[in-house]
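Residue numbers (the working numbering), protein chains in the order written: chain A, 1 to 325; chain B, 1001 to 1325. Glycine included, C-beta positions come from ideal geometry on N, C-alpha and C.
2 protein chains.
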Amino acid sequence: MTLPSIGVTAGDPGGIGPEVVVKTLARARGLPEAAYVVFADPRVIAAEEERLGLRIAAQNWRPELPPEPGIFLDAVPGPAGPVISGRVTAANGESSFRSFETAVEQARAGRLQAVVTAPISKAAWALAGHPFRGHTEYLARLYPGAIMAFWSDKLKVALFSHHRPLGEAVAAVRKDALIDFLRSLRRGLERIPGGPFRLLVAGLNPHAGEDGHLGREEIDEIRPALEMAFSEGISVAGPFPPDTVFLQAQGKKDTVAVALYHDQGLIPFKLTAFATGVNVTLGLPFVRTSPDHGTAFDIVGKGVADARSMEEAIRLAAAFSATGS
Amino acid sequence: MTLPSIGVTAGDPGGIGPEVVVKTLARARGLPEAAYVVFADPRVIAAEEERLGLRIAAQNWRPELPPEPGIFLDAVPGPAGPVISGRVTAANGESSFRSFETAVEQARAGRLQAVVTAPISKAAWALAGHPFRGHTEYLARLYPGAIMAFWSDKLKVALFSHHRPLGEAVAAVRKDALIDFLRSLRRGLERIPGGPFRLLVAGLNPHAGEDGHLGREEIDEIRPALEMAFSEGISVAGPFPPDTVFLQAQGKKDTVAVALYHDQGLIPFKLTAFATGVNVTLGLPFVRTSPDHGTAFDIVGKGVADARSMEEAIRLAAAFSATGS
């Protein structure tokens, strides 16, 4: 196999993204062998190295050459003035958006096998005129089957819906949409090492509806969708009571729990895999991972940001890329 | 203080209730000193002692006498024929209902300070003509401010709503109902040792609505309710993102997380306190606890039922009774 090239975007320049990227890549000798390509404003990375007393010593990336192990930089110019840290600005939003967009373009062109994204600020993106809730929503526009999932050795969760009000999420639990989702999830998981994966689907209502006494969606929508998916050869079971399905899935490497709404999946994932969980977008022609935390504007510049989730995101991207996907 | 009298109902005779009661009370010397009064069909307890090779050696309860430490039995006659195990029957439903009702009557009359309930079958209660979803719903009819809560050293959770379809639970998140709930919760917690307790309230929507971008309930209903409750001296904060509030509450003995719907609270509670969690009904004039599991018809008679949650329920009932409440 060829050496994977893995893009790493530094995220919002005013958040902790640059810090966790520099902390992780400064210890690159402990990471899987790859060409790690940082997409960022070079000034931001240099300032972060200076502040942390760490060096990633990136060389300029030349994508036309065959990949070599090491750390590279694809310079994405940032704002003209000084970089403002610790708060939402349009300039930082534009900078993080352009870094991400550039990395995605390189991945779509086949020059990167994976993109690891440090956290951006949705508010900063909005100020800069990029009305996406986040990386996943941007990718979902390019790839409508994209799925937000969360990955750790302890628990794997895929979300049927994510950033929408809970009332809307309940109304969206419909048979046809669920079948489409399960098909996309199966395809998305085919490229992931460690499979084939078994899907355990949570119910929507308490006790998975208790035979209709606590809600009809399990009977009218979910069960028929699972039966159809199963008949197509998808390894799926459920719907299970939401308050025990994650216990069932815990610790099983080949099992993915399917959550029907954001917090149904994120509550158990964060409790189980806090600090080392990784956000994965499935269903793309390349690998995309990111740490499971935000910009954390309140701790920027203090050097205290926990880089474990970023390190896990990079390790997972390398592992997923190494299978030749 | 006087010795507490603690009622223990054996639950559905065909479930694992009798087994976990006998297993726990057979080791009563390790439990807090109290008069433990079992409410059950004597045949069922005797058969369980025989099957498990354990003796609880209960004496007949005489509530008119001052309480003494030990194990007592208040005989609640069961069905005329043989007791059927491992499945739902009307006779077993009638038996478990009568045991519970009798214990509650004794508690309301002041002859018990606490009632610990082994699991019943809702379906069996329904067959017997008692259309309650469970113990909590029965108690809520007598005491409309009754609150379902879950208790462990690791996490404490109170549920704003519980056994209703998720769509209805979303619609029920209204300012006035939430204020009433917080007032009842404050009163219910006043009698519980370990306080005063701080309440951390979860939002309803992902990221607690993210300033209205992911739902309006936090702005229109929840925040106004919390402000009103706070102005009344209730120690309450929120709404917090549902996927991190339980992490915030974990390990803090004087903190109760408030969940707005069943699975928002039960998913984190079961992950955090599996096998030792205790269900507590707050807002009654007596203490009521129960193990955090069901009748488990599939493992009845095998002797493998885990009695830890029942033991914790009994210990908690004793601890809550001992404060003279």
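- Message: Using C-beta distances below 6 Å, list every residue in its chain close to B:Ala1225, excluding the 5 sequence neighbours before and after it, in chain order.
- Response: Lys1175, Leu1178 and Ile1179
- Message: What does the alpha-carbon distance come out to for the pair A:Ser309 and B:Gly1251?
- Response: Each residue's Cα considered, the two are about 23 Å apart.
- Message: Can you find the residues in the same chain that come closer than 8 Å, C-beta to C-beta, to A:Leu139, ignoring five residues on each side of it along the sequence?
- Response: Val104, Ala146, Thr281, Leu284 and Arg288
- Who are the Cβ neighbours of B:Ala1047 in its own chain at under 6 Å, not counting the five residues just before and after it? none
- Task: Measuring only between beta-carbons, confirm whether B:Arg1051 sits less than 8 Å from chain A.
- Result: For B:Arg1051, the answer is no, since every Cβ of chain A falls outside 8 Å of its Cβ.
- Query: Using a Cβ cut-off of 8 Å, which residues of the region 183–206 of chain A contact any Cβ in chain B, in chain order?
  - Reply: Leu204, Asn205 and Pro206
- Message: For chain B, check one thing: does any of its Cβ atoms lie closer than 8 Å to the Cβ of A:Leu328?
- Response: Outside the shown range of chain A, which is 1 to 325, sits residue 328 of chain A, and nothing can be said about it.
- Message: Quick check on B:Ser1309: does DSSP put it in helix, strand or coil?
- Response: helix
- Query: How is A:Ala208 classed by DSSP in three states: helix, strand or coil?
  - Reply: helix
- Query: Within the 8 Å Cβ cut-off, does A:Thr276 reach chain B?
  - Reply: no
- Which chain B residues sit within Cβ distance under 8 Å of A:Gln113? Under the 8 Å cutoff, chain B gives no residues; its nearest Cβ is about 30 Å from A:Gln113.
- Is the beta carbon of B:Leu1159 sitting closer than 8 Å to the one on B:Met1148? Cβ atoms of B:Leu1159 and B:Met1148: closer than 8 Å.
- chain B contacts from the region 247–272 of chain A (Cβ-Cβ distance under 7 Å): Leu247, His262, Asp263, Gln264, Leu266, Ile267, Pro268, Lys270, Leu271 and Thr272
- Going by DSSP, what residues sit across from A:Trp151 in a beta bridge? Note: A:Trp151 sits in a beta bridge opposite A:Lys156 and A:Val278.
- Query: In this structure, does DSSP put B:Ala1172 in helix, strand or coil?
  - Reply: coil
- Query: Do B:Ala1257 and B:Phe1246 have their C-beta atoms within less than 8 Å of each other?
  - Reply: yes
- Query: Are the beta-carbon atoms of B:Ala1034 and B:Ala1318 separated by less than 8 Å?
  - Reply: yes
- Message: One question on the structure: do A:Ser5 and A:Val37 come within less than 8 Å of each other, judged by their Cβ atoms?
- Response: Between A:Ser5 and A:Val37, the gap from beta carbon to beta carbon is short of 8 Å.
- Continuous alpha helix (DSSP H) stretch holding A:Phe286: start and end: From DSSP, A:Phe286 is part of no alpha helix (DSSP H); its letter is neither H nor E.
- Under 8 Å between C-beta atoms, does B:Gly1215 make it to chain A? yes
- Query: Any idea if A:Pro13 is buried or exposed, counting beta-carbon neighbours within 10 angstroms, 16 or more meaning buried?
  - Reply: buried
- Item | Exposure of A:Ala171, with buried meaning 16 or more beta-carbon neighbours within 10 Å | exposed
- Can you give the Cα-Cα distance for A:Leu124 and A:Leu52, rounded to whole angstroms? The sequence shown places Ala at residue 124 of chain A, rather than the Leu named in the question. Spanning the two alpha carbons is a distance of roughly 25 Å.
- Task: Kindly indicate if chain A contains any beta-carbon less than 8 Å away from that of B:His1163.
- Result: Chain A contact via Cβ: present.
- Rounded to the nearest angstrom, how far is the Cβ of B:Glu1218 from that of B:Pro1241, given a contact under 8 Å? Contact doesn't hold; Cβ gap of about 10 Å is too wide.
- Contact set for A:Arg133: own chain, Cβ-Cβ below 6 Å, skip 5 residues either direction: Lys122 and His163
- Message: Let's see if you can read the secondary structure: which residues bound the beta strand (DSSP E) around A:Gly93?
- Response: Looking at the DSSP string, A:Gly93 is not in any beta strand (DSSP E); the run it does join, the alpha helix (DSSP H), is Ala90 to Arg108.
- Task: Return the bridge partner residues of A:Pro193 from the DSSP annotation.
- Result: The partner list for A:Pro193 (beta bridge, DSSP) is empty, contrary to what the question assumes.
- Please compile the residues from chain A whose C-beta is within a distance smaller than 7 Å of the C-beta of B:Thr1244. Lys270
- Taking only the alpha-carbon atoms, compute the straight-line gap between B:His1059 and B:Phe1072 and give it to the nearest angstrom. Here the sequence assigns Gln to residue 1059 of chain B, which means His is not the residue at that position. One C-alpha to the other measures close to 5 Å.
- Task: Return helix, strand or coil for B:Pro1224, following the three-state DSSP convention.
- Result: The answer is helix: DSSP assigns B:Pro1224 an H, G or I state.
- Query: What is the residue span of the beta strand (DSSP E) that A:Val116 lies within?
  - Reply: Ala114 to Thr117
- By how many angstroms is the C-alpha of A:Ala114 removed from the C-alpha of A:Ala107? 7 Å
- Drop a sphere of 10 angstroms on the beta-carbon of B:Val1201, count the other beta-carbons inside from all chains shown, and report buried for 16 or more, exposed for fewer. Burial is judged here by how many other beta carbons sit within 10 angstroms of a residue's own beta carbon; B:Val1201 has at least 16 and is buried.
- Item | Residue range of the beta strand (DSSP E) that includes B:Tyr1036 | Its beta strand (DSSP E) spans residues Ala1035 to Ala1040.
- Message: With H, G and I counted as helix, E and B as strand and the rest as coil, what does DSSP make of A:Arg51?
- Response: In the displayed model, A:Arg51 falls within a helix according to three-state DSSP.
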